[in-house]
Amino acid sequence: MAVLTVGLGDRSYDITVERGSLAAAGDIVARLGRRGRAFILTDSNVAPLWLGKVAGSFKAAGFDVSSGSLPAGEKTKAFGSLMTVYSMFADAGLTRSDLVVTLGGGVIGDLGGFAAATYLRGLDYVQIPTTLLAQVDSSVGGKVAVDLPWGKNLSGAFWQPKAVVIDPDALDTLSDEYFSDGMAEVIKYGCIRDAELFGALESAGSRAALSESIGDVVYRCCDIKRAVVERDERDTGERMLLNFGHTYGHALERYYDYEKISHGAAVAVGMRVVCGIAEKKGLTEKGCADRITALCRSYGLSCEDKAPYGEVIKGISSDKKNLGGKLNVVLIRSVGDGYIYPTDRRFWQ
Ligand code: GLY
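Now the structure itself:
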């Protein structure tokens, strides 16, 4: 069993990355000394696949289990869904000593985590991510949120889970589209911190060739995120590196009202766009944008989009990485070497 510890003092927790661990999740959590009620929040895609197995493992470990399922999709991550989740918690009779378990992708993890952070002024929760994107990114680090009409993740909190249980076998049932979505974040880690990972992804060159080692890839990404979060939990410095490709990517998602483009596809475009600009300004080694584009394409991410550039960058002014009128853009000097470049909106023009 591969275990990483996110060291955050009394908020430290383990990330377990292990094939078959969905069936062991209850035991893993019970070993933390937890007992009592566990409420599993999931969605309509994941429930038929994994809810029985995970609920069974918590019951076998001695928990009193209840569960609720929400419609799958980004629309569920809306502020209005919080009321539905709170009413599920109330119907289940959750008290402060009970546990919320989020079983699903980033939408369920972020929404369920935020509901846990705010219900009764804060319940403990455990993340069991089942998509690649959630396994390598959103389940680790304690950022929980819902979307508001003005933008993504605008109402949220830092609320660390008590454990993250990752079963790479859960990725076998993901469609190619969902797998590609997560690969954008995997490629991002290679870009900002790990040239060797980037090279290994290039050598594999396809989902099929990567499948044998996907557990190691997930572990490696989680380890990078662990180290970054330990040094900058509150996202005031180094953690911004994790947003490589996201400034333009988020603006693109906003342009499409979060409907016509996936997060990963938008981030892939964002990585190409920001590298292209930075190469022209001499801020990034020449050739990186082409290398990133080729790698993204081999994992089903086109890095292309037809949205008018001038319209998309209008959305950049409301990005959360803007601090006091200043805009921080995440760049790479070369593959594996990310840095934060303080600039202003003119960077994009
Ligand atoms: N997904 C970016 C972060 O956790 O900071």
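Oh and the sequence shown: position 179 is 179 in our numbering, straight run, nothing missing. We put the CB at the ideal spot given by N, CA and C, even for glycine.
Along the beta strand (DSSP E) that carries residue i, what are the first and last residues, could you check?
i	result
Asp344	Premise fails: Asp344 is in no beta strand (DSSP E) and is neither H nor E.
Val217	Here Val217 belongs to no beta strand (DSSP E); instead the alpha helix (DSSP H) covers 214-231.
Gly276	Here Gly276 belongs to no beta strand (DSSP E); instead the alpha helix (DSSP H) covers 263-280.
Leu111	It is not in any beta strand (DSSP E) - Leu111 instead sits in the alpha helix (DSSP H) that spans 106-118.
Arg37	37-43
Phe158	151-158
Gly20	Premise fails: Gly20 is in no beta strand (DSSP E) and is neither H nor E.
Ala145	143-148
Asn328	326-334
Pro129	124-129
Please return the same chain residues whose Cβ sits closer than 7 Å to the Cβ of residue i, not counting the five positions on each side in sequence.
i	result
Glu311	Tyr255
Cys288	Cys275, Glu279, Ile332, Ser334, Val335
Gly141	Lys225, Val229
Arg231	Glu238
Glu202	Leu295
Ala195	Val335, Gly336
Ala117	Val144, Ala157, Trp159
Arg11	Gln160
Ser155	Phe79, Ala145, Val146, Leu148
Glu253	Lys152, Ile261, His263, Ala266
Leu283	Leu331, Tyr341
Asp176	Arg207, Gly300
Asp223	Leu4
Helix, strand or coil for residue i, going by three-state DSSP, please let me know.
i	result
Val312	helix
Arg254	helix
Tyr339	strand
Asp235	coil
Asp64	strand
Lys188	helix
Thr102	strand
Ala170	helix
Thr5	strand
Val140	coil
Ser302	coil
Ser180	helix
Leu70	strand
Ala307	coil
Looking at the unbroken alpha helix (DSSP H) that takes in residue i, where does it start and where does it end?
i	result
Thr84	81-91
Phe198	195-204
Phe58	52-60
Thr293	288-298
Leu210	207-210
Ala30	25-30
Excluding the five sequence neighbours on either side, which residues of its own chain have a C-beta within less than 6 Å of the C-beta of residue i, listed in chain order?
i	result
Asn45	Ala72
Ile277	none
Val85	Ala115
Ala134	Gly105, Gly106, Gly109
Asp27	Ala61
Val3	Asp14, Thr16
Val165	Thr16, Ser21, Ala25, Ile28, Ile128
Thr236	none
Tyr258	Glu74
Met88	Gly68
Indicate whether residue i and residue j have their beta-carbon atoms separated by less than 9 Å.
i	j	result
Val144	Phe179	no
Gly300	Met271	no
Glu18	Pro168	yes
Asp147	Leu242	no
Arg207	Met183	yes
Leu103	Leu41	yes
Leu51	Ser66	no
Glu304	Leu8	no
Ile187	Ile292	yes
By Cβ distance below 8 Å, which residues in the same chain neighbour residue i in space, the five residues on each side in sequence not counted?
i	result
Leu99	Val29, Arg34, Gly36, Arg37, Ala38, Phe39, Phe63, Leu123, Asp124, Tyr125, Val126, Lys162
Asp181	Thr131, Leu132, Leu133, Ser262, His263, Gly264, Ala265
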